[in-house]
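The sequence shown begins at 1480 in this note's numbering and counts up one residue at a time.
Every residue, glycine too, gets a C-beta built ideally from N, C-alpha and C.
Keep in mind it's a predicted model, so treat the numbers as computed, not measured.
Note sheet for the following structure.
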Amino acid sequence: MKKIKAIWELMRLEHGVMIALGILVGSLVALKGSGFPSFDKFMLTFFTALFLEASTFALNDYYDLEIDRKNNRIDRPLVRGDLQPKSAIILFFIFFPLGLILALGLAIFTGIVFAAPGAVMFMGGSRHHETGKIAIAGPLSNIIIAYISFPLFYFIFFETQFGALFGFICLINALLAFFNLLPFGPLDGLKVVKWNATVWLLLFIPAIFMLIVLWQRFTPIFY
């Protein structure tokens, strides 16, 4: 059980929830709210993204092992010794090729492949105010883009193709900001809360407000 937990932490498998939600939202947008994606294509897309992301996290922790040890990153299973470094390499060479194979299948069935796994890491010692300030960059950018694209969608290009595009941009960025600001796990929200809870609240409120506004206008975005 301890090894299973270590593998979960190494590969950040909790990100699968966000991946599934992103795929679902993207599918609803593509289908224009007319239904849900087929189960087989949904699962194919989900495991493609999950395997590619999880395997690159394992490889990332392998190469960052010395830095993580210097920073006393006991939240990393390789640093704690719960897994050997070679285990991270083995997991990478199992799941990364599987992800590529599934991506090929996805391209054959849908004609589209989008796979860009990655992670943001800190080199050297960092304090809460430093990691917090860095962590707000992503969600803040998403919020700014959402609030710029919303008036373009709703007041200028409403019920046009450009309006649908700006509505989509607004929705995706609002969702990204909201989930990134959730204060748990590896998400940016926890880093911001540890630094300054007031700043986190000032970001979280406009993010969730935009989602509520978009929810009320969900149908006009896609029609």
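Cβ atoms of residue j and residue i: under 8 angstroms apart, would you say?
i: G1611; j: K1549; result: no
i: M1490; j: L1562; result: no
i: A1625; j: A1653; result: yes
i: L1682; j: P1618; result: yes
i: L1531; j: F1572; result: no
i: L1655; j: N1621; result: yes
i: N1526; j: L1492; result: It is worth fixing the name first, because residue 1526 is Phe in this sequence and not Asn. Their beta carbons are not under 8 angstroms apart, which means F1526 does not touch L1492 by this criterion.
i: L1666; j: N1659; result: yes
i: F1637; j: C1649; result: no
i: P1523; j: L1585; result: The residue you asked about is not Pro; residue 1523 is Leu in the sequence shown. Yes, the pair counts as a contact, with Cβ atoms nearer than the cut-off.
i: Y1541; j: P1564; result: yes
Just verifying my parser: in three-state terms, what is the DSSP assignment at residue i?
i: I1553; result: coil
i: P1596; result: Confidence in P1596 is poor, its pLDDT being 44 and thus under 50, which makes the residue's placement unreliable; the coordinate value appears in the next sentence. P1596: coil per DSSP, three-state reduction.
i: G1505; result: helix
i: P1576; result: helix
i: I1498; result: helix
i: G1668; result: helix
i: S1517; result: coil
i: E1638; result: coil
Let me confirm a value: residue i is counted as buried when at least 16 other C-beta atoms fall within 10 Å, else exposed. Which label applies?
i: T1677; result: exposed
i: W1679; result: buried
i: D1543; result: buried
i: I1691; result: exposed
i: V1496; result: exposed
i: F1518; result: exposed
i: D1554; result: exposed
i: F1688; result: exposed
i: E1488; result: buried
i: F1536; result: buried
i: L1639; result: As written in the sequence, residue 1639 is Thr, which differs from the Leu given in the question. When all chains shown are included, T1639 counts as exposed.
i: G1664; result: exposed
Report yes or no: is there a C-beta of chain D within less than 8 angstroms of the C-beta of residue i?
i: K1520; result: Absent from the structure: chain D. Only one protein chain is present.
Should the stretch 1553–1560 be regarded as contacting the stretch 1495–1511, the criterion being three or more beta carbon pairs within less than 8 angstroms? no
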